[in-house]
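Protein sequence lines, in the order shown, are assigned to chains A and B.
Note that the working numbering has the first sequence beginning at 7, numbered continuously upward.
Note that the working numbering has the second sequence beginning at 7, numbered continuously upward.
Quick reminder that beta carbons are idealized off the backbone N, C-alpha and C, glycines included.
There are 2 protein chains.
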Amino acid sequence: MIFRQLFDSVSGTYTYLIASRQGGEALIIDPVLEKVERYLQLVRELDLRLVKAVDTHLHADHITGLGALRDQTHCITVMGEQTAADVVSMRVAEGDRVSIEGLSLDVLYTPGHTDDSYSFLMGGDMGRRVFTGDTLLIRGTGRTDFQNGDPRQQYDSIFNKLLKLPDETLVYPAHDYKGDTVSTIGEEKHFNPRLRVKSVDEYVDLMNNLKLPNPKMMDVAVPANVHIGLHQDEIARRGWALSAKEALALCGRAKIALVDLREKAEREKHGVIPGSLHAPYPDLEQNIATGGVLHELAEATGKRIVFYCAYGERSAMAVEAAQQAGIASACHIEGGIAAWKKADGPVTH
Amino acid sequence: MIFRQLFDSVSGTYTYLIASRQGGEALIIDPVLEKVERYLQLVRELDLRLVKAVDTHLHADHITGLGALRDQTHCITVMGEQTAADVVSMRVAEGDRVSIEGLSLDVLYTPGHTDDSYSFLMGGDMGRRVFTGDTLLIRGTGRTDFQNGDPRQQYDSIFNKLLKLPDETLVYPAHDYKGDTVSTIGEEKHFNPRLRVKSVDEYVDLMNNLKLPNPKMMDVAVPANVHIGLHQDEIARRGWALSAKEALALCGRAKIALVDLREKAEREKHGVIPGSLHAPYPDLEQNIATGGVLHELAEATGKRIVFYCAYGERSAMAVEAAQQAGIASACHIEGGIAAWKKADGPVTH
């Protein structure tokens, strides 16, 4: 397994690059914009393919690298379903999994620092690891005084979820300011000074009286991190987009091939548009190349390829790639299946 | 296994705390003075016993934590035999091992950054790791322009020793300034820009033309790091020391029990004083306590306990501890077996 902890000394942020093998798929957790070139260099050097970039929550102290990584690698951007970030291409919730080749992370909803704070749990032969974002820090916890933070929720996330993990679970936070790189659940249970409280009320009191100044970057970082979505407008301007209503009107006609780019788990959870084909986004490149199934389908049948996904982000990237690969009919449903459902489009499970 | 990488952001130094199990013996590599309290806190929290503190070389950019850790834990301080540091309690050379309960590090002499630069290689079920000090950095190498640095030697250390390790060996350096925490030998072989040279002469040219300013801390750190020895004078002032000559004169008399505190490997390599007993330093506490073998020996025989070790450092600590434990006769040979040999004392192998 490849496991790299990378540090941004300006914001004190830890970023994690993970892959099951050299030459395979990789994911990155909590990337920092200023460090994107270093991440991409490492991805190239280790012969990896970055397929997912995950933020544990909407950060207030640095600008996320999610947008830049997506622009440069076409990776899937992942955040929790509560996030205020405008459009990420995959939203996850408690009980979901974030999977890449050879490994997957269990998704734990751990609000409190923000209302979109998630933790991610990884198993594997090198020991269980949990990425705790700003929820549980090494000998600390993330502040709860802005961005819908809530000390009561955080107490619950920490005491009733994270501290229930086995003691030997390694804890990898999104930040450290004192020079620690890793801890364990057992250690935090016993030695984290913030967790030496007798009740949730005592914790709420403690957190409500920290009197911390706002993060230096907050006024810049939060708005920047909210707007990381792709410019689906640009795709529309080029005539490659259908609104959900337009798509509904075309639906059932012979000359349309609807192609779902989402993963199996997303399809099972959120349903699919009846009659649509399934061609997962990570396989896109081979599917749209000459000789690929979508390329052949478009040529052989003359059907218009209409991509869709969860929110229109992956499908917008797919349209651009398909057009470049010579599939001139390619377009997508703007806003994805979320918009489709809002327009009362039918969905099957 | 417990493996902790700790960071000092002021000097960009990585320190490593290692133990085979919670509750067992630990060693630390390249500790920084300002961080000693954090290390000791972690040692307590993990229920460890710090028995060895190792510096990969005499540092010029921070003050070592070796002296403070020895003062507070009575651990053995370890450096290479070439070091200018006045007195460390154990000096190692190529081919030696630094051992604690459950694990041991192979000692590799890798001069070039300084003439006392060593690397330490660790095996184990979690993969092979090499601690490279300032010899091999992540995508860099340590400067060679002071403290008897020598680019030609460094080329040899890197190309003919470190890069001969298996590609998957994890590389843990003493410093990083760009946010990396770990690399591999394979990666450095392929992607370290300093190592893209065709010959040793090209490397020498490269290193001789870096034109780096001296480290900010150099004028403070080097003298401080040279003088980390215990005050053996103080032990002498209290009447608890014998010079090697005085010890020689007493030798063979019935009322003396010479006690060698060194490890088995040191005894085999450097020889022992004929007729001396062996009671390794890590077991000292139990041996000198009431009921312990040395305590009983002193009481039952009335013999004077004369400790010795390599350079008099461990034995000075032992004298102090033995006096506190009520062994009023305890003293030591100042300067250890090194001084004994200089005084032409007999040694057997």
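query, result
"Following the continuous alpha helix (DSSP H) through V299/A, name the residue where it begins and the one where it ends.", "V299 to T307"
"Where DSSP assigns a beta bridge to P179/A, which residues make up the other side?", "G139/A"
"If I24/B and L33/B are in contact, beta carbons under 8 Å, what's the gap, nearest whole angstrom?", "6 Å"
"Within the 8 Å Cβ cut-off, does D36/B reach chain A?", "no"
"Here's the rule: buried if 16 or more other CB atoms are within 10 angstroms of the residue's CB, otherwise exposed. What is Q292/A?", "exposed"
"Please give me, in chain order, every unbroken run of the beta strand (DSSP E) with length at least 3 that falls completely inside the segment 40 to 77 of chain B.", "55 to 60"
"Should A334/B go down as buried or exposed, given a rule of 16 or more other Cβ atoms within 10 Å for buried?", "exposed"
"Considering only C-alpha positions, which residue in the set D112/B, L264/B, V210/B and Y45/B is nearest to A324/B?", "L264/B"
"For A91/A versus I234/A, is the C-beta spacing smaller than 8 Å?", "yes"
"Give me the Cα-Cα distance between H338/B and L290/B, rounded to the nearest whole angstrom.", "14 Å"
"Once DSSP output is grouped into helix, strand and coil, what is the label at R259/A?", "coil"
"Under a CB-based cut-off of 8 Å, is T138/A close to chain B?", "no"
"E174/B to R135/A, Cα distance in whole Å?", "21 Å"
"Any C-beta of chain A sitting closer than 8 Å to the C-beta of V5/B?", "Nothing can be reported for residue 5/B, as the shown portion of chain B is limited to 7 through 355."
"Can you tell me where the beta strand (DSSP E) holding I82/B begins and where it ends?", "I82 to G86"
"Contact between the segment 301 to 315 of chain B and the segment 60 to 74 of chain B: three or more CB pairs below 8 Å?", "no"
"Using DSSP bridges, identify the partner residues of E252/B.", "BP columns for E252/B are empty, so no partner."
"Using a Cβ-Cβ distance cut-off of 8 Å, determine whether M128/B contacts chain A.", "no"
"Going by beta-carbon coordinates alone, are F126/A and V104/A separated by less than 8 Å?", "yes"
"Is it buried or exposed for S321/B, if we count other Cβ within 10 angstroms and need 16 for buried?", "buried"
"Name the residue from M128/A, V98/A and S123/A whose alpha carbon lies nearest to the alpha carbon of L111/A.", "M128/A"
"Count the other CB atoms within 10 Å of the CB of Y183/A; is the residue buried (16 or more) or exposed (fewer)?", "exposed"
"Could you tell me the distance, in whole angstroms, from the CA atom of K348/A to the CA atom of Y317/A?", "12 Å"
"Given a limit of 9 Å on CB to CB distance, which residues of the segment 88 to 113 of chain B reach chain A?", "none"
"Specify, as a first and last residue, the run of the beta strand (DSSP E) that I161/A falls within.", "Rather than Ile, the amino acid found at residue 161/A in this sequence is Tyr. Premise fails: Y161/A lies in the alpha helix (DSSP H), P157 to N166, not in any beta strand (DSSP E)."
"So what does H368/B bridge to, in DSSP terms?", "Nothing about residue 368/B can be read from this structure; chain B reaches only from 7 to 355."
"Output needed in chain order: residues of the segment 13 to 29 of chain A with a Cβ under 7 Å from some Cβ in chain B.", "F13, D14 and S15"
"Name, please, each residue of chain A whose Cβ falls closer than 8 Å to the Cβ of E51/B.", "E193, H196 and F197"
"For M132/A, would you say it is in contact with chain B, using Cβ-to-Cβ distances shorter than 8 Å as the test?", "yes"
"Run the proximity test for H284/A: is its beta-carbon closer than 7 Å to any non-hydrogen atom belonging to the ligand COA?", "No copy of the ligand COA appears in this structure; indeed no ligand is present at all."
"Mind checking if Q11/B is an interface residue toward chain A, Cβ cutoff 8 Å exclusive?", "yes"
"Is there a Cβ of chain B sitting closer than 8 Å to that of G71/A, yes or no?", "no"
"Leaving out five residues before and five after M224/B in sequence, what residues of the same chain have Cβ atoms less than 6 Å from its Cβ?", "A66"
"Taking G146/A as the query, report the chain B residues whose CB atoms sit under 9 Å from its CB, ordered along the chain.", "In chain order: nothing, as chain B lies at least about 14 Å away."
"Measure from the C-beta of K417/A to each C-beta in chain B and report whether the shortest distance is under 8 Å.", "Because chain A in this structure spans residues 7 to 355, residue 417/A falls outside the shown range and cannot be described."
"I'd like to know whether the C-beta of G185/B is nearer than 8 Å to at least one C-beta of chain A.", "yes"
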